[in-house]
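Reviewing the structure listed below.
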Amino acid sequence: MALPFLFVLNGVWVMSEIDALKGELEVLQEKALASFLKAADLTALQTLRVAYLGKKGELTSVLKGVGKLAPADRPVIGQFVNATKAALAEALDAAEVLLAVKEKQQRIEAERLDVTLPGRSATRGVLHPVQQGLNEMTAIFAQMGFAIAEGPEIEDEFHNFDALNIPQEHPARAMHDTFFFESSGEQQAKLLRTHTSPVQIRTMQACIASGGKPPLAVVAPGRVYRCDYDVTHSPMFHQVEVFKVDKDVSLAHLKGVLQHFLSAYFEKEVSIRLRPHYFPFTEPSAEVDIGCVFCAGKGCRICKGSGWVEVLGSGMIHPNVLKSVGIDSEIYSGFAFGLGVERLVMLKHGIPDLRLFFENDVRFLRRMGANT
Ligand code: DAH
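This is how it looks when you write it as structure tokens:
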């Protein structure tokens, strides 16, 4: 600070008003510059700008003292004030630039990305083992020339029972453990289909209705429902229905198709055996067994020591079924079979419990997973 100009008044050393004001301004400037350097961020700096240079700021309050000066002194101090003001503004601008650079660097540092870090791998879903089984099975039949067809899961009694030669009061109806919908009275009762055999009726009807005629070779995969629940039964499960209608279709064709399909599905030459059975919609009917895929016919827990496991129901389509859709059973004959998808998938993969399919435990699903 420059030495103030002192003079003697009535024997006392006195500082002139103008020097006192200059001194004040110098102190203010030093204090301000020091505080600018300490400002932590741009907001703090802006507060300081207002505090020193604003209308109600410190510089303005010092200026109020100018009024007390002799008019001749005013321009002198005016210049001084302006110089101080300019110095403060310059220092503020410089500090602002420095802080802006500092804040930008901090932001860049905080947002820094380590591009060398390994990426997070995306989790891929897998097809449910039952869906995989359905796909494999339908693909084998499609390769043999069967066309894929689907039917509704909500069926009527005609397609699910009557047309399949299961009239009202037939004991087979009771065995199907059917889920019925509440009926309004006038219409036929609706139900959840208990098997995929009604797709036989629907595809044959559609063929005849559109002016077509056999040959017909169809594979119909889908969900079916029965009011049944225990270790080996689920109220919803899957079936694949297969049938062929043409002139001169015989049991030998049925056996040939079964032999090819079962060996292709199990990916090894399996032996098959047809056991006489009864189904209302086929005559003759047979249950089909395969040589146990676990013990190669020696006898184990799975085949209960017999060496054979039952895999599906089959037969030659009953003339009444052909008649119900308007196909002349004197000219045409057909074979049909229906299989439980879960059962075949369990046998192929050694899955011990049907419930694993429906519990959605991802460990099981992943182990069985294929990305196709
Ligand atoms: N629909 C039968 C069921 O669910 C399975 C079946 C047996 C289908 C014999 C057929 C067949 O086409 O010929 O129990």
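Under the working numbering, the sequence shown has 216 at position 210, and the numbering climbs by one with no breaks.
Ideal Cβ positions, reconstructed from N, Cα and C, are used throughout, including at glycine.
message: Which residue wins for smallest C-alpha separation from I403, given the options V72, L318, I24?
response: For residue 403 there is no data in the structure shown, the boundaries of the chain being 7 and 378.
Which residues DSSP lists as bridging F249, in chain order: V224, A342
Those runs of the alpha helix (DSSP H) which lie wholly inside the stretch 110–172 and span at least 4 residues: 135–149, 163–166
- request: In the DSSP assignment, find the unbroken alpha helix (DSSP H) run with T53 in it and report its ends.
  value: 48–59
message: Is G340 near the ligand SAM - that is, is its Cβ less than 7 Å away from at least one heavy atom of it?
response: Ligands displayed in this structure: the ligand DAH; the ligand SAM is not among them.
query: Looking at V56 and G63, is the spacing between their C-beta atoms short of 8 Å?
result: yes
message: Determine whether the beta carbon atoms of S240 and F364 lie at a separation below 8 Å.
response: yes
- prompt: F300 by DSSP, collapsed to three states: which one?
  reply: coil
- request: For M7, name the three-state secondary structure that DSSP assigns.
  value: Unreliable placement is indicated for M7, whose pLDDT of 47 sits below 50; the coordinate value is still reported in the next sentence. In this structure, M7 counts as coil in the three-state DSSP scheme.
message: Using a Cβ-based criterion (distance less than 7 Å to any ligand heavy atom), does T288 qualify as near the ligand DAH?
response: yes
message: Do H201 and G375 have their beta-carbon atoms positioned less than 8 Å apart in this structure?
response: no
message: Quick test of the definition: if touching needs 3 or more C-beta pairs under 8 Å, does the stretch 167–174 touch the stretch 320–337?
response: yes
- request: Quick one: using the 10 Å Cβ neighbour count with 16 as the cut-off for buried, is S320 buried or exposed?
  value: buried
- request: Can you check the stretch 178–223 for any alpha helix (DSSP H) of at least 4 residues that lies completely inside it and give the ranges in chain order?
  value: 204–215
- prompt: Can you name, in chain order, every residue of its own chain whose Cβ lies under 6 Å from the Cβ of V225, other than the five neighbours on each side?
  reply: T144, F147, F152, I154, V248
- prompt: Straight-line CA distance for V331 to K304?
  reply: 45 Å
query: From which residue to which residue does the alpha helix (DSSP H) around H176 run?
result: Note, H176: premise wrong, no alpha helix (DSSP H); not H, not E.
query: Looking at S335 and the ligand DAH, is the gap between the Cβ and the nearest heavy atom below 7 Å?
result: no
query: Looking at C-alpha atoms only, which residue of Y235, G340, E23, V121 is the closest neighbour of K261?
result: G340
message: Quick check: the Cα distance between K354 and A116, rounded to an integer number of angstroms?
response: 56 Å
query: Using DSSP with H/G/I as helix, E/B as strand and the rest coil, what is R373?
result: helix
message: Just list the residues that DSSP pairs E293 with in beta bridges.
response: R281, G319
query: Is any heavy atom in the ligand DAH found nearer than 7 Å to the beta carbon of S320?
result: yes
- request: Kindly indicate which three-state DSSP category T432 falls into: helix, strand or coil?
  value: Nothing can be reported for residue 432: it is not among the residues displayed for the chain, which extend from 7 to 378.
- prompt: Per DSSP, what kind of secondary structure is Y271 in: helix, strand or coil?
  reply: helix
query: Which residue from R281, F285, L39, Y338 puts its Cα closest to that of W314?
result: R281
message: Between the stretch 171–187 and the stretch 206–218, can you find at least three pairs of beta-carbon atoms closer than 8 Å?
response: no
- prompt: Is DSSP giving R229 helix, strand or coil here?
  reply: strand
message: I need the DSSP call for D234, collapsed to helix, strand or coil.
response: coil
- prompt: Within the present structure, is the beta-carbon of S203 separated from the nearest heavy atom of the ligand DAH by less than 7 Å?
  reply: yes
query: If you pair each beta-carbon of the stretch 32–44 with each one of the stretch 92–100, do three or more pairs fall below 8 Å?
result: yes
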